[in-house]
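Enquirer:
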Ligand code: FES
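Residue numbers (our numbering): 2 to 279.
(1) As a quick exercise: from 181, 218, 230, 40, pick the residue whose alpha carbon is nearest that of residue 265.
(2) What does the Cβ neighbour count give for residue 133, buried or exposed, with the cut at 16 atoms within 10 Å?
(3) For the alpha helix (DSSP H) containing residue 119, name the first residue and the last one.
(4) Are residue 271 and residue 185 touching if we call contact CB-CB under 8 Å?
(5) Look up residue 128 in the DSSP assignment and say whether it is helix, strand or coil.
(6) With a CB to CB cut of under 8 Å and the five nearest residues on each side skipped, what residues in its chain are close to residue 106?
(7) I'd like to confirm the pairing. Which residues does DSSP put opposite residue 64 in its beta bridges?
(8) When you compare each of 58, 69, 46 to residue 32 by their alpha carbons, which one comes out closest?
(9) Take every Cβ of the stretch 231-248, pair it with every Cβ of the stretch 157-165, and state whether three or more of those distances are shorter than 8 Å.
(10) Have a look at residue 76 and residue 95 and give me their C-alpha separation to the nearest angstrom.
(11) Just to confirm, does residue 160 get its C-beta within under 7 Å of one of the non-hydrogen atoms of the ligand FES?
(12) For residue 62 and residue 84, I'd like the C-alpha separation in whole angstroms.
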């Protein structure tokens with residue numbers, strides 16, 4: 002009788018080969034020196050990944066796969082982790098080998114439901130021909146300005162109630178940077194109004210934690226993420242947990258129709274920061 006023999010590799014040999022093989026893409030020396038020059042003295046910490054990605058995107062208008070691999074090596078992170086973060090945000094442009102860099106200027110037109118209802122489709126259709134080949138026009142998910150629909154963003158400058166003419170005018174005038182919102186309260190102004198005093202009192206012990214929690218609870222403040230959970234109760238529950246406690250502050254308003262965080266952050270950011278620190 003013929004016997005079927007299944008060849009089996011020695012397990013140890015396979016593992017050995019795997020260990021010797023480089024993980025992910027090989028790091029290009031030139032890309033590495035470019036990333037190192039860009040990062041300068043910046044600490045090589047993985048929690049600064051987004052800041053590093055912004056530096057590369059701003060300098061090269063895109064994130065090449067070579068730069069991503071080099072950044073992963075600099076931050077001692079897996080290439081897949083860096084790629085996952087970079088590919089999550091639509092404002093980062095990942096460019097693979099052989100692909101062209103994006104045009105010098107990008108115009109994003111929100112195609113979320115509020116903007117779609119207000120005519121974003123027509124903008125997306127007409128703007129490429131009006132703006133020409135030097136400007137890239139992309140459809141983008143909600144940019145958190147639903148009350149200004151339809152919204153286009155020229156570079157980083159939002160254009161409320163956008164029309165082809167107003168977008169074209171911003172492009173031609175080179176208006177690509179965002180400007181402070183009307184009524185913006187800066188750091189000096191906030192200090193003048195007594196800003197950061199409560200934080201100082203908490204740090205010095207002049208204000209005890211229980212009184213802060215009690216103030217939160219009696220305020221009736223609730224989260225607006227959908228569940229309406231009482232904020233004071235949440236703080237007390239977290240306080241009762243064993244340390245170390247970590248807090249993630251999420252200010253991404255991805256749901257069309259919500260733009261409350263953006264309004265507060267644009268006008269009174271230090272009140273938000275002080276609350277967060279407390
Ligand atoms: S749907 Fe367009 S800004 Fe929100």
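For each residue, glycine too, the CB sits at the ideal point set by N, CA and C.
Keep in mind it's a predicted model, so treat the numbers as computed, not measured.
Expert: With the structure as the only source:
(1) 181
(2) exposed
(3) Per DSSP, residue 119 belongs to no alpha helix (DSSP H) and is neither H nor E.
(4) no
(5) helix
(6) 135, 136, 137, 155, 156, 172, 177
(7) 95
(8) 69
(9) no
(10) 18 Å
(11) no
(12) 16 Å
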